[in-house]
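Peer 1:
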Amino acid sequence: MTTPAVIIHGGFFSELTTSQETKTAKQNALRHIIRQTWAFLQTHSALETTIFACTLLEDDPLFNAGTGSQIQSDGVIRMSASICDGESQKFSGVINIENVKNPILVAEKLLSREDRILAGEGALNFAREQGFGPFDTRTELRIQDYEQKKSELVKTGTVGCVALDHQGRLAASTSTGGKGFEIVGRVSDSATVAGNYANAFCGVSTTGVGEDIVNGAVAAKIVTRVTDGMSLQQAVDKTFKELLPFDGFAGIIAIDHQGNMMQKDSHPNIVYAMKNAGTEEIFG
Ligand code: ASP
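Letter by letter, the sequence shown follows residues 1 to 284 in the working numbering.
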């Protein structure tokens, strides 16, 4: 039996002005969610657990995923989410899906299908076929943010979970409303193997600027390096070093098959929480 572990993140701060109040609210929300997720992991697989955690994070309007997602430049919310099951080595994801409550649950439905990633209208049609009804994920706060962003700098924020279960299986899930105010058609890293990846050796979920994360192939690189024998710490450090030449803006959470948990960000401000049998830590 493996000693299970779970780590979640609430992304970088996505508001234009991050107050101490928002930070504390996000930390409190993560504390609550990591405890629920930990309890869930005791009787469920890593795969089920990461989906469970992302659903809770998507439903919390504080985070930029599901309800409370960032609004794109044309005033529409388009969300992306993906799952990577380290046991079956299957990845599934939805890109730029509109008007559903939980994109991660749509990605889950795809895990058993032959097609791995669906985008836009196709993703929405699939969701409706699977019984996911219309849902408006806009919140008052995001609408205000959008109005301000019409003339200002955009920041980021996303959610994710990596879990190692009692059987030693790893999984990673990530969900996002995107970086905010993006050009219509822009593709986030969150539903690619650069943003979310797991196998039998390691699982990684990322947040940050999707373009930098894709440029650095962040999650896939870390997982591959651990698979090939590097320690998790070395794999993460080397991958972050490779972001330096282009000042890549990224944050990760990761767990390896031995239960080592790690978080790292290139620029401070990611909020995250980790838990195993011995520790519970909330950071941000
Ligand atoms: N990585 C996400 C994206 O670029 C945003 C984020 O993590 O905050 O779509």
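Positions of the beta carbon are idealized from the N, C-alpha and C atoms, including for glycine.
Model, not experiment: these values are computed from the prediction.
Between Cys84 and the rest of its own chain, which residues show a CB-CB distance below 6 Å, the 5 nearest in sequence each way excluded?
Peer 2: The sequence position of residue 84 within the sequence shown is 84, counting from 1. Correct list, in chain order: Phe91, Ala172, Asn196, Tyr197 and Ala198.
Peer 1: For Phe52, does the three-state DSSP call read helix, strand or coil?
Peer 2: Locating residue 52 in the sequence shown gives position 52, where the first residue counts as 1. The answer is helix: DSSP assigns Phe52 an H, G or I state.
Peer 1: Can you grab the Cα-Cα spacing for the pair Arg142 / Thr67, in whole Å?
Peer 2: If you number the sequence shown from 1, residue 142 lands on position 142. If you number the sequence shown from 1, residue 67 lands on position 67. C-alpha separation (whole angstroms): 10 Å.
Peer 1: In its own chain, which residues sit with a C-beta less than 8 Å from the C-beta of Thr37, not counting the 5 before and 5 after it?
Peer 2: Start at 1 with the first residue of the sequence shown, and residue 37 comes out as number 37. Result list for Thr37: Val6, Ile8, Thr49, Phe52, Ala53, Leu56, Cys161, Ala163 and Lys275, in chain order.
Peer 1: Does the distance from the CB of Thr207 to the CB of Ile252 come in under 9 Å?
Peer 2: To locate residue 207, count along the sequence shown from 1; it is residue 207. To locate residue 252, count along the sequence shown from 1; it is residue 252. Going by C-beta atoms, Thr207 is nearer than 9 Å to Ile252.
Peer 1: How many angstroms separate the CA atom of Asn269 from the CA atom of Asp247?
Peer 2: Position 269 of the sequence shown, counted from the start, is the residue given in the question as residue 269. Position 247 of the sequence shown, counted from the start, is the residue given in the question as residue 247. Approximately 16 Å, taken between the alpha carbons.
Peer 1: May I ask you to report which of helix, strand or coil DSSP gives Leu288?
Peer 2: With the chain covering 1 to 284 only, the question about residue 288 has no answer from this structure.
Peer 1: Go ahead and pull the three-state DSSP assignment for Asp228.
Peer 2: Along the sequence shown, read from residue 1 onward, the residue named residue 228 stands at position 228. Three-state DSSP puts Asp228 in coil, outside helix and strand.
Peer 1: Please report the straight-line C-alpha distance between Phe132 and Asp237, rounded to a whole angstrom.
Peer 2: As a position in the sequence shown, residue 132 is number 132, starting the count at 1. As a position in the sequence shown, residue 237 is number 237, starting the count at 1. When rounded, the distance between both Cα atoms is 40 Å.
Peer 1: Am I right that Ala194 and Ala219 are in contact with their C-beta atoms under 8 Å? What's the rounded C-beta distance?
Peer 2: In the sequence shown, residue 194 corresponds to position 194, counting from 1. In the sequence shown, residue 219 corresponds to position 219, counting from 1. That pair is a contact at about 6 Å.
Peer 1: If we require 3 or more residues per run, which beta strand (DSSP E) segments fall completely within the stretch 135-195?
Peer 2: For the stretch 135-195, whole beta strand (DSSP E) runs of length 3 or above, ordered along the chain, are 159-164 and 170-176.
Peer 1: Any heavy atom of the ligand ASP within a distance shorter than 8 Å of the CB on Gly195?
Peer 2: Working through the sequence shown from its first residue, we reach residue 195 at position 195. Result yes, Cβ under 8 Å from the ligand ASP.
Peer 1: For Val6, name the three-state secondary structure that DSSP assigns.
Peer 2: As a working mapping, residue 6 is identified with position 6 in the sequence shown. Looking at Val6 - three-state DSSP - the assignment turns out to be strand.
Peer 1: As an exercise, report each continuous beta strand (DSSP E) stretch of at least 3 residues that is fully enclosed by the stretch 242-278, in chain order.
Peer 2: Correct list: 250-256, 261-265 and 272-276.
Peer 1: With which residues is Phe91 paired in a DSSP beta bridge?
Peer 2: Here residue 91 refers to the residue found at position 91 when the sequence shown is read from its first residue. Its beta-bridge partners are Cys84.
Peer 1: Between the alpha carbons of Met230 and Ile95, how many angstroms are there, rounded?
Peer 2: For this step, residue 230 is matched to residue 230 along the sequence shown. For this step, residue 95 is matched to residue 95 along the sequence shown. Cα-Cα distance, rounded: 32 Å.
Peer 1: Apart from the five residues on each side of it in sequence, which residues of its chain come closer than 7 Å, Cβ to Cβ, to Ala217?
Peer 2: Sequence index remark: in the sequence shown, residue 217 carries index 217 (1-based). If we look at Ala217 and ignore the five residues flanking it on each side, its Cβ neighbours are Ala194.
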